[in-house]
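In our numbering, the protein residues as written are 191 to 648.
Structure, as structure tokens:
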């Protein structure tokens, strides 16, 4: 069950600020259930820090963080290959520039609306802070569906989208990247239109670019790799490693594919992947080369994987969480892992769950996992590798430099270890040892809140 206007924040009585503030957020942001859920998940962990840091209450830091600095909604007209005209809606929520330029991806998917973009942007504030990099939080996208569209149609849409958005971007202002439905092809079209309009080769204005024109090695792999690196650190803190573990991964997009790749490199056996049609289970371990051929080269469906590999079975219309595993990595989309799924995972002996997607685990499912003693990593910590490597791409653009794959991957590994250790020690400091949700929320919040105090009432 998701947060609704009559929901109350659990344990809100611990602090006189949180309960009325959450009620006011619900009143002012009606119908934005994903945003409500994201805010609630953060607020319900902040009681201890607000008790120790009353200056945050006096400066109304929470109210200011929960209100975006700027919300952009615009029309995106474009024509298809038949000459028919379509009108989509574009969004960019520039949430917080406290630590640096707004940074966060663009999502092209029919489900995109203001509430989803705000939830993603709100999460991005804390995720970006946790990286230790000088980047603020933002998110954007459109309800455009790229599925089934030709390259020419996608190019025309991207050009129309950027024609409006470009005036709000800049390497010191707002730096988008990709997300669901926005990969290298779309970033190329967006960057080309930005360059054409502005008459500048401003490579730092978009990340996720092609390697030949300002992109960074490891950026493609970074979110999936980083999720697995964080998982490895969680297991290490419990005296275990990923070697020999059985892993269930949901999704089959960029994050899932490269989570599978890094998990296999570290000695784990990944037995599942999925898409909106159903999931594949392969007891011998996912054949990554075949999966990449189907999904990256052919833009196909995972059912084809089972058709081409005798060892695999396709299960239509279902999720992967019935498959027994030691580690679960939800890498598809928000709210895909429900309470019943979490109960099944616990019964089957899961040890760790790390969110490769943004908020894929419902609050009820999180509670089930935590109460069972499962190591649980929220997306703002576990999937921060993507935006961290985007910041590394920005560094390379600023210095007109390029780094090797090995060097960039090592920087990513250092950042993920830093994020894990920051979450772990912060949770301990505030009396919730082993609770990565508390640790991530408070560590990110303190970094942003301290900077807001230093910068005055803005």
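Backbone N, C-alpha and C define an ideal beta-carbon position, used for all residues, glycine too.
For residue 227, the enclosing alpha helix (DSSP H) stretches over residues 223-233. Here the alpha carbon of residue 469 sits roughly 10 Å from the alpha carbon of residue 502.
Distance from the Cα of residue 428 is smallest, within the candidate group 487, 624, 231, for 624. The segment 360-436 contains, as complete alpha helix (DSSP H) runs of 4+ residues, the segments 374-388, 412-427 (chain order). Of all C-beta pairs linking the segment 598-610 to the segment 242-255, fewer than three are shorter than 8 Å, placing the two stretches out of contact.
Here residue 316 has 570, 634 as same chain residues with Cβ atoms under 6 Å from its own Cβ, once five neighbours each way along the sequence are excluded. Take residue 388, set aside five residues on each side of it, and the residues of its chain with a beta-carbon closer than 7 Å to its own are 356, in chain order. Here residue 462 is not near residue 445, since their CB atoms are 8 Å or more apart. By the criterion of a C-beta distance shorter than 7 Å, residue 228 is surrounded in its chain by 309, 312, 313, 549, once the five residues flanking it on both sides are discounted. Residue 516 has no beta-bridge partner at all, per DSSP. With a cut-off of 8 Å on Cβ pairs, the segment 318-327 is not in contact with the segment 345-363, counting fewer than three such pairs. Look at residue 632 here: in three-state DSSP terms it is helix. If you draw a 10 Å sphere on the C-beta of residue 295, you find 16 or more other C-beta atoms in it, and that means buried. Between residue 471 and residue 517, the C-beta spacing is not below 8 Å. Contact check for residue 282 and residue 330: beta-carbon distance about 4 Å, within the 8 Å limit, so the pair qualifies. Short of 6 Å from the beta carbon of residue 335, and not among the five residues preceding or following it, lie these beta carbons of its own chain, in chain order: 300.
In terms of CA proximity to residue 395, 580 leads the group 631, 606, 642, 580. In this structure, the straight-line span from the alpha carbon of residue 424 to that of residue 609 is close to 11 Å.
When C-beta atoms of the segment 429-437 are compared with those of the segment 611-626, fewer than three pairs fall below 8 Å, so the two segments do not count as touching.
In terms of Cα proximity to residue 332, the closest of 318, 319, 370 is 370. Each of 575, 258, 270, 306 was checked against the Cα of residue 224, and the nearest Cα belongs to 306.
The shortest CA-to-CA distance from residue 264 to any of 245, 354, 344, 563 is the one to 354. Of the candidates 207, 289, 236, 244, 289 places its Cα closest to the Cα of residue 638.
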